[in-house]
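In UniProt numbering, the protein residues as written are 1 to 264. Where is the CB? At the ideal position from N, CA and C, for every residue including glycine. Only a predicted model underlies this, so the values are computations on that prediction, with no experimental measurement involved. Below is one structure, written out as structure tokens, with a few remarks after it.
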Amino acid sequence: MDENTRQLRTVNVTRYVIPLREGGSLPAIAEADDDFLYVLKFRGAGQGVKALTAELIGCEIARALGLQVPEVVFAELDEAFGRTEGDEEIQDLLKFSRGLNLALHYLSGAITFDPVVNTVEALLASEIVWLDCLLTNVDRTARNTNMLMWHNELWLIDHGASLYFHHSWSNWEEQARKPFVQVKDHVLLSQATELDVVNEAFIKLLTPELIQSIVDLIPDEWLSTESEEQAGLNRRVYYDFLLTRIANSDIFVKEAQNARQTLI
1 MDENTRQLRT VNVTRYVIPL REGGSLPAIA EADDDFLYVL KFRGAGQGVK
51 ALTAELIGCE IARALGLQVP EVVFAELDEA FGRTEGDEEI QDLLKFSRGL
101 NLALHYLSGA ITFDPVVNTV EALLASEIVW LDCLLTNVDR TARNTNMLMW
151 HNELWLIDHG ASLYFHHSWS NWEEQARKPF VQVKDHVLLS QATELDVVNE
201 AFIKLLTPEL IQSIVDLIPD EWLSTESEEQ AGLNRRVYYD FLLTRIANSD
251 IFVKEAQNAR QTLI
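Printed below as a string of structure tokens:
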């Protein structure tokens, strides 16, 4: 498949297996009609479809850069699903999540990345730090690494707290050019010694065509409930935000390098 013609599979959720209560948005392990298990992210939880949009964009940019992320699929939740659920909180969550949700392939047997036990080589650490600076991902800290070890490889999960500009929309141009000051708390910052090398490589990979192919994956219904025209305008903002941020990547790379110097 051409890298600029991206598609996601759509599955139908058939069974709610167990909630994952580590996060406030109550994701769950669920089974789909392809007989695979997924970590299901609900449109009716927390930040709603904006968290799903951030997850989709974050995962697909990471994948395009060669980083390991689970397969992302759209997950349809039927109106009748969850009627027999006994937990009222979960029942409400399922009710408000009818329709199109997002899910990541469940990595059975994976263990949470532990910075005390697991080591990451400098180039990979730099790639992940660069990615999170681009996405303004505030949620890759020692307290909550959002990384898994699976088959001796490092996998990235949970990008829903990224792209926080879209919670206001009003000043996205300014936000796109800002350094990412929260990088000081990044769990891999101390190992990220190759940021200049990564920056040069990644800005070549993230072409306008590739970014367009990723934002084109966002369903219209996640972008606006008002009109197709408004959905198109919001989609364009994601595209412009990302391209502006890539074009000004030296700003967030310098911030990361300065923050790293305070650690060593």
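Between the stretch 154–169 and the stretch 39–51 there are three or more C-beta pairs closer than 8 Å, enough to call the two in contact. Residue pairing for glutamate 76: DSSP places it in a beta bridge opposite Asn12, Leu100. Within the same chain, Val13, Leu40, Lys41, Phe42, Arg43, Leu52, Phe74, Ala75, Glu76, Leu77 come within 8 Å of asparagine 101 by CB-CB distance, once the 5 residues on both sides are set aside.
Beta bridge pairing from DSSP links isoleucine 264 with no other residue.
Using a Cβ-Cβ distance cut-off of 8 Å, the stretch 203–220 and the stretch 56–75 are in contact, since at least three pairs of beta carbons, one from each stretch, lie closer than that value.
Per the Cβ contact rule, the stretch 207–222 is in contact with the stretch 238–250 (3 or more Cβ pairs under 8 Å). Nearest Cα to arginine 140 within the set His151, Glu153, Ala125, Ser170: Ala125. If you draw a straight line from the Cα of leucine 263 to the Cα of glutamate 153, it is about 26 Å long. If one requires a minimum length of 3 residues, no beta strand (DSSP E) run lies completely within the stretch 178–260. CA-CA distance, leucine 20 to leucine 163, rounds to 23 Å. For a cut-off of 8 Å, the C-beta gap from aspartate 220 to glutamate 228 is around 6 Å, short enough to register as a contact.
The beta-carbon distance between valine 49 and alanine 30, rounded to whole angstroms, is 18 Å. This is too long to meet the 8 Å contact definition.
Using a 10 angstroms sphere on the CB of arginine 235, the tally of other CB atoms reaches 16 or more, which defines it as buried. When rounded, the separation of the alpha-carbon atoms in tryptophan 150 and valine 69 is 11 Å.
The Cβ neighbour count for serine 249, taken over all protein chains shown within 10 Å, is at least 16; the residue is labelled buried.
Within the stretch 134–160, the runs of beta strand (DSSP E) at least 3 residues long that lie entirely inside it are, in chain order, 147–150, 153–156. Assignment of threonine 112 by DSSP, reduced to helix, strand and coil, places it in the strand class.
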